[in-house]
Amino acid sequence: MLILTCPYCGVNAEETELHPGGEAHLARIGPNGTDDEFEAYLFARKNAKGVHFERWRHAYGCGKWFLAARCTATLQVFGTYRAQTPHPPADIVEAIRKARPDWTPDWTPAEGTAE
Amino acid sequence: MTHTPPFRLPAGGRRIDRAWQVPFRFDGRHLRGLTGDTIASALLANGQMLMGRSFKYHRPRGPMASGSEEPNALLGLGQGGRFEPNQRATTTPLTHGMITRSQNCWPSLEADIGAINNWLSPVFPAGFYYKTFIHPRPFWKHVFEPIIRRSAGLGRAPTDPDPDRYEQAYAFADTVVVGGGIAGLTAAREAADAGGTVLVLEQDGHWGGRTPTDHDGGQAAIDAALADLRGRKGVTLRRNTMATGLYDHGYLIARESLADHDPNQGIPRQRLWRIRAGRVIAATGALERPLSFACNDVPGVMLASAVRDFIADFGVAPGRRIVVVTNNDDAYRTALTAHAAGLEVPAIIDARPLADGALPQAARDAGITVLTGTAIAKVKGAKHVEGVVLCSHQGDGRPTQTIDCDVVAMSGGWSPVVHLYSHCGGKLIWDEGQSMFRPDPDRPPLGADGQGNVTVAGAANGDLRCAGDLEHPEAPTMPVWVMPARAPYTLRAKMWLDFQNDVKVTDVELAAQEGYASVEHTKRYTTLGMATDQGKLSNINGLAVLSNALNQPIQATGTTTFRPPYTPLTLATIAAEAKDDAFQPLRKTPIHAWHETHGASWEPVGHWRRPYAYPRAGEDRHTAVHREILAVRAGVGTLDASTLGKIIVKGPDAGRFLDMLYTNMMSTLPVGKCRYGLMCNENGFLMDDGVVARLSDDTWLCHTTTGGADRIHGHMEDWLQCEWWDWKVYTANLTEQFAQIAVAGPKARDVLERLSGTIDLSAEALPFMQWAEGELAGIPARVFRISFSGELSYEIAVPANRGLELWEALHLAGADLGITPYGTEAMHVMRAEKGFIMIGDETDGTIIPQDLGLDWAISKKKADYIGKRAQRRSHMTDGTRWKLVGLESLSDKVIPDGAYAVAEGVNGNGQRKTQGRVTSSYHSPTLGKPIAMGLVRHGPSRMGQVLDFPMPDGTVMQARIVDPVFYDKEGSRQNG
Chain A
1 MLILTCPYCG VNAEETELHP GGEAHLARIG PNGTDDEFEA YLFARKNAKG VHFERWRHAY
61 GCGKWFLAAR CTATLQVFGT YRAQTPHPPA DIVEAIRKAR PDWTPDWTPA EGTAE
Chain B
1 MTHTPPFRLP AGGRRIDRAW QVPFRFDGRH LRGLTGDTIA SALLANGQML MGRSFKYHRP
61 RGPMASGSEE PNALLGLGQG GRFEPNQRAT TTPLTHGMIT RSQNCWPSLE ADIGAINNWL
121 SPVFPAGFYY KTFIHPRPFW KHVFEPIIRR SAGLGRAPTD PDPDRYEQAY AFADTVVVGG
181 GIAGLTAARE AADAGGTVLV LEQDGHWGGR TPTDHDGGQA AIDAALADLR GRKGVTLRRN
241 TMATGLYDHG YLIARESLAD HDPNQGIPRQ RLWRIRAGRV IAATGALERP LSFACNDVPG
301 VMLASAVRDF IADFGVAPGR RIVVVTNNDD AYRTALTAHA AGLEVPAIID ARPLADGALP
361 QAARDAGITV LTGTAIAKVK GAKHVEGVVL CSHQGDGRPT QTIDCDVVAM SGGWSPVVHL
421 YSHCGGKLIW DEGQSMFRPD PDRPPLGADG QGNVTVAGAA NGDLRCAGDL EHPEAPTMPV
481 WVMPARAPYT LRAKMWLDFQ NDVKVTDVEL AAQEGYASVE HTKRYTTLGM ATDQGKLSNI
541 NGLAVLSNAL NQPIQATGTT TFRPPYTPLT LATIAAEAKD DAFQPLRKTP IHAWHETHGA
601 SWEPVGHWRR PYAYPRAGED RHTAVHREIL AVRAGVGTLD ASTLGKIIVK GPDAGRFLDM
661 LYTNMMSTLP VGKCRYGLMC NENGFLMDDG VVARLSDDTW LCHTTTGGAD RIHGHMEDWL
721 QCEWWDWKVY TANLTEQFAQ IAVAGPKARD VLERLSGTID LSAEALPFMQ WAEGELAGIP
781 ARVFRISFSG ELSYEIAVPA NRGLELWEAL HLAGADLGIT PYGTEAMHVM RAEKGFIMIG
841 DETDGTIIPQ DLGLDWAISK KKADYIGKRA QRRSHMTDGT RWKLVGLESL SDKVIPDGAY
901 AVAEGVNGNG QRKTQGRVTS SYHSPTLGKP IAMGLVRHGP SRMGQVLDFP MPDGTVMQAR
961 IVDPVFYDKE GSRQNG
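As structure tokens, this is what we get:
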């Protein structure tokens with residue numbers, strides 16, 4: 001059972017206090033999206049073994065949704081952060097890089113990496 | 001030789017109190033033990049070596065061990081609701097008047113009919129069931145399976161409810177030390193020195209583990225360590241507490257026995273500790289391994305450490321003449337202990353070519369014969385050891401001499417208890433020098449910070465001589481996996497690996513020969529390690545035999561997965577107080593008590609209890625429902641609708657937000673009006689419905705289904721917090737703040753107008769789908785002109801604490817009009833008569849509003865709403881989707897809910913093709929005939945056609961496709 005710190009109320013919440021919400025940072029595809037775009041938005045998930053960003057709701061606490069960066073293989077938690085961001089903030093990225101030097105973000109098309 | 005008394009030694013036994021006798025029963029016989037005995041030591045003290053029968057061959061078995069790894073001495077304890085099967089006699093303390101029973105034998109332990117399997121054992125090798133019972137196919141289901149099922153399972157489940165109380169508790173500690181032996185207590189002191197809270201858990205009722213038994217001065221060392229720890233703040237010591245499993249992020253589960261020995265004390269019998277450990281130090285010790293020689297399962301063959309424990313801890317002689325067989329120095333302690341207790345030790349059989357360490361020398365000094373390079377070729381005796389036949393260990397078993405004895409104390413070396421380290425991902429390495437798997441310090445289980453959170457101390461870490469100054473040098477263990485080394489098949493076929501499941505060396509070899517190279521496959525093919533001891537005793541022996549058969553190193557074979565719990569947890573402890581009324585919270589409306597006193601028959605709806613109907617004397621539920629419906633249709637009735645979800649959505653962007661949430665337009669709803677709305681998920685599927693009322697310029701009140709309130713509120717918050725976080729909207733779930741009562745029927749207005757109030761309830765002032773606010777019967781109220789019954793209907797919301805007052809006022813005012821409380825079933829039937837859909841009946845998570853003919857509630861003007869894009873996917877716009885219609889039974893019988901309408905032809909599985917199904921089906925008292933709704937392919941364009949619904953009994957029911965609105969199609973009643 002994981003322990004995640006709710007970034008809103010600061011509680012180190014047990015997994016039983018939380019409600020999982022799947023992969024974070026999905027960009028919503030609205031009525032103008034193509035079939036392929038919409039299918040990817042609805043169904044295609046990274047299912048990463050390793051660094052992963054996911055949504056959690058502090059359901060039996062403050063009720064807020066927050067996001068967590070963690071390793072799905074080792075359960076290491078790199079940090080939790082507020083949901084109101086399209087991408088993980090810099091301090092989270094830094095924490096991940098410190099623990100996983102080989103990891104690169106996939107949202108900024110930096111040199112040598114593709115979106 | 002025979003097994004002769006006395007079995008209780010005249011002196012010794014550090015755990016027992018000879019002043020206090022404890023009477024108990026075993027298989028009906030009245031026996032006596034002593035305070036401090038385990039069941040096993042008490043039985044041995046009574047000369048009862050035979051304690052069980054093995055599972056497969058029903059071979060007679062005595063205790064093998066003295067701890068939780070015991071595979072044989074499993075008994076049924078207690079009676080009635082307190083009966084417990086498969087309790088280990090070696091770890092269960094004896095209590096006054098205890099009733100114990102042997103298992104897996106009939107008619108008795110001594111004369112067990114099932115033992116015929118033993119004579120048939122040559123035809124029952126590994127995989128026998130898989131190979132034999134597969135043909136002929138139909139025989140499996142009708143012949144083999146029923147027979148096998150009857151003989152399956154070890155022990156019998158109790159039939160009565162458990163009368164005892166169990167509880168759960170939480171604990172937090174910076175360091176949790178598991179194991180209260182010398183290594184654990186030392187680690188605890190070091191942890192306490194370093195600062196932080198320390199919790200020490202010991203599975204046994206006594207501290208110290210093996211140290212007091214094995215070392216001179218051991219007890220004093222343990223006592224000193226305990227005294228030191230007890231004097232420290234922040235250190236908690238807990239005995240009788242078994243750490244059963246370690247999970248993610250330092251979550252440790254432990255079971256504490258509080259009153260197992262006396263369930264009538266009035267305290268909980270067991271307590272399940274749910275511990276969050278900053279780090280765990282596993283000081284869980286090691287378990288001795290058996291040796292694989294022929295007939296190593298005859299009662300009287302025991303682990304050397306167990307023989308030592310019975311003598312030293314309980315003052316019990318398992319026999320009078322004890323042969324020790326070993327591949328290490330430690331077992332010599334058993335010979336010395338037995339010798340010191342006045343028992344005969346005719347020889348120590350040591351497989352090693354040399355034995356000249358301090359312990360072997362002490363044995364020789366005591367006059368005990370030590371035979372090196374020697375092995376046991378075979379144990380003599382059937383129900384009890386009568387002697388051993390010896391041979392050269394390096395040979396093929398040719399007998400060299402025979403020694404009479406009644407106990408064989410064997411030691412094949414020690415295996416660290418690595419379970420906790422392995423439960424949560426820690427890896428093991430094979431220690432070639434010590435012939436054991438031990439924790440790999442470079443690959444520990446990881447905590448939330450990515451650092452190792454489990455360390456291992458003492459014997460659990462492979463450090464078998466961890467008692468510091470108490471230790472003397474010992475020569476290394478020699479790996480012995482089969483004894484003698486070149487034993488032929490006839491001997492290997494009698495060497496037991498798993499004593500409970502009867503898995504022998506040859507079974508594992510057969511598995512390897514048949515291609516089971518993976519240890520996990522071999523485990524399942526042979527059942528090695530699948531007994532109640534879960535391979536604690538001898539899995540390593542099995543892995544070694546498999547590795548030899550596969551001709552690969554043991555590290556390459558690896559271990560099977562270590563899964564919690566370490567020892568079985570009873571379900572009662574896991575459930576603890578969460579049973580009966582405390583199983584889950586019960587939600588009650590403010591009017592609940594009234595329903596109860598008026599004979600409500602309850603229906604569980606989520607955590608709520610709602611009245612299904614109010615049967616009167618002489619009525620069944622069905623009759624009551626019909627009476628209630630007719631009362632509403634002809635007069636007036638009241639429904640407690642307090643459970644409906646009520647969510648306030650407020651803010652400058654509330655209208656815009658609701659336009660995204662609902663399929664229809666809510667932003668244009670005028671203040672004072674109500675609108676029925678549909679809510680879909682992003683997949684386009686209908687997830688909830690309800691009436692929305694606009695309370696003010698920036699405030700809407702959204703009604704949801706009873707089951708949907710919390711979920712829909714969560715859904716709203718999800719979109720607000722994670723997608724449109726810059727929109728200025730607040731939501732509040734006010735479901736429990738309001739009581740809500742539906743007053744429905746042609747006389748509804750008459751009743752309401754009799755109450756004093758400030759609200760004009762006339763048709764002109766408050767028409768259908770409007771709401772008004774004011775005072776009713778002296779209570780602040782909102783009155784909504786909405787209808788789920790199709791009748792003239794008002795839903796009145798008042799503060800929750802005034803709900804009962806309003807309900808009673810209504811019943812007082814309407815008594816002469818025959819006002820009738822109605823329940824959920826009447827509500828369901830009336831809505832079906834009107835063709836109104838019900839979330840969960842007409843929808844099942846795969847239905848879009850378009851399927852239900854609800855296109856009128858889907859805005860064509862809005863650019864977007866949740867689910868809009870999905871509803872344009874090809875599968876959603878497919879013209880062959882099943883659509884809502886009414887179904888009129890051609891007979892006077894109600895078509896069962898869920899029945900399928902068949903089409904021509906069969907599918908690939910030979911089943912009839914289908915073209916629709918029934919989603920709601922009732923007898924309508926209003927219309928005096930059955931009514932139903934269903935989803936049918938091309939349904940709305942097939943009015944008048946007849947569908948076939950095959951029934952399970954072979955008959956076929958027929959129904960005609962009709963309009964789903966059976967009653968008052970024009971809606972004049974609800975609009976009136």
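Chains as they are written, first to last, in UniProt numbering: chain A, 1 to 115; chain B, 1 to 976.
Glycine included, each C-beta is placed from N, C-alpha and C at the ideal position.
Since the model is a prediction, treat every value here as computed from it, not as a measurement.
Check: Pair within 8 Å by beta-carbon distance, Ala641(B) and Ile779(B); Outcome: no
Check: Members of the segment 29-58 of chain A that neighbour chain B once the beta carbon cut-off is set at 9 Å; Outcome: Ile29, Gly30, Pro31, Asn32, Gly33, Asp35, Phe38, Glu39, Tyr41, Leu42, Arg55, Arg57
Check: Cβ distance (whole Å) where Met769(B) is taken to contact Ile796(B) below 8 Å; Outcome: Actually they are not in contact, since the Cβ atoms of Met769(B) and Ile796(B) sit about 16 Å apart, beyond 8 Å.
Check: Reference Gly916(B); option with closest CA among Tyr251(B), Gly908(B), Gly910(B), Leu887(B); Outcome: Leu887(B)
Check: Presumed contact (8 Å Cβ cut-off) between Met242(B) and Tyr566(B), rounded CB distance; Outcome: 7 Å
Check: Boundaries of the alpha helix (DSSP H) in which Glu94(A) is found, first to last residue; Outcome: 90-99
Check: Secondary structure of Arg609(B), DSSP reduced to three states; Outcome: strand
Check: Collapsed DSSP secondary structure at Ile429(B) in the structure displayed; Outcome: strand
Check: Endpoints, beta strand (DSSP E) assigned at Trp700(B); Outcome: 699-704
Check: Cross-chain neighbours of Leu18(A) in chain B, by beta carbon under 9 Å; Outcome: By Cβ distance, chain B contributes nothing, its closest Cβ being about 12 Å from Leu18(A), past 9 Å.
Check: Interface residues of the segment 222-240 of chain B facing chain A [CB-CB below 8 Å]; Outcome: none
Check: Where Asp297(B) falls: helix, strand or coil (DSSP); Outcome: coil
Check: Local conformation of Asp760(B) per DSSP, three classes; Outcome: coil
Check: Euclidean distance between Cα positions of Val956(B) and Ala899(B); Outcome: 11 Å
Check: Glu596(B) - containing alpha helix (DSSP H), residue span; Outcome: 592-597
Check: Bridge partner(s) assigned by DSSP for Leu464(B); Outcome: Per DSSP, none; premise fails for Leu464(B).
Check: Residues, ordered as in the chain, of the segment 674-708 of chain B that lie near chain A by beta-carbon distance below 8 Å; Outcome: Glu682, Asn683
Check: Three-pair Cβ contact test at 8 Å for the segment 22-35 of chain B versus the segment 84-101 of chain B; Outcome: yes
Check: Pro611(B) beta carbon less than 8 Å from that of Thr824(B); Outcome: yes
Check: Under the three-state DSSP convention, the category Ser789(B) falls into; Outcome: coil
Check: The segment 872-890 of chain B in contact with the segment 930-944 of chain B per 3-pair CB rule at 8 Å; Outcome: yes
Check: Short CB-CB distance (under 8 Å) between Asp864(B) and chain A; Outcome: yes
Check: Of the listed residues Ala382(B), Lys383(B), Ala375(B), nearest to Val389(B) (C-alpha basis); Outcome: Ala375(B)
Check: Delimiting residues of the alpha helix (DSSP H) encompassing Cys722(B); Outcome: 709-722
Check: Proximity of Thr197(B) and Ala169(B) at Cβ, strictly below 8 Å; Outcome: no
Check: Expected contact under 8 Å - CB spacing of Ser257(B) and Met495(B) to nearest Å; Outcome: Not quite, the Cβ-Cβ distance comes to about 36 Å (not below 8 Å), so this is no contact.
Check: For Thr704(B) and Pro940(B), the rounded distance between their alpha carbons; Outcome: 28 Å
Check: 6 Å CB neighbourhood of Gly433(B) in its chain, flanking five on each side removed; Outcome: none
Check: Residues bridged to Phe172(B) [DSSP beta-bridge criterion]; Outcome: Arg276(B)
Check: Closer than 8 Å to chain B by CB, Gly63(A); Outcome: yes
Check: Alpha carbon of Gln394(B) to alpha carbon of Ile349(B), nearest angstrom; Outcome: 13 Å
Check: With 16 other Cβ atoms within 10 Å as the buried cut-off, status of Ile116(B); Outcome: exposed
Check: Closer than 7 Å at the beta carbon, the chain B residues around Ile3(A); Outcome: His249, Ala448
Check: Residue range of the alpha helix (DSSP H) that includes Ile182(B); Outcome: 182-194
Check: Complete alpha helix (DSSP H) runs within the segment 843-903 of chain B (minimum length 4 residues, chain order); Outcome: 874-877
Check: Contacts around Lys46(A), its chain only, beta-carbon distance under 8 Å, and the 5 residues preceding and following it disregarded; Outcome: Glu23, His52
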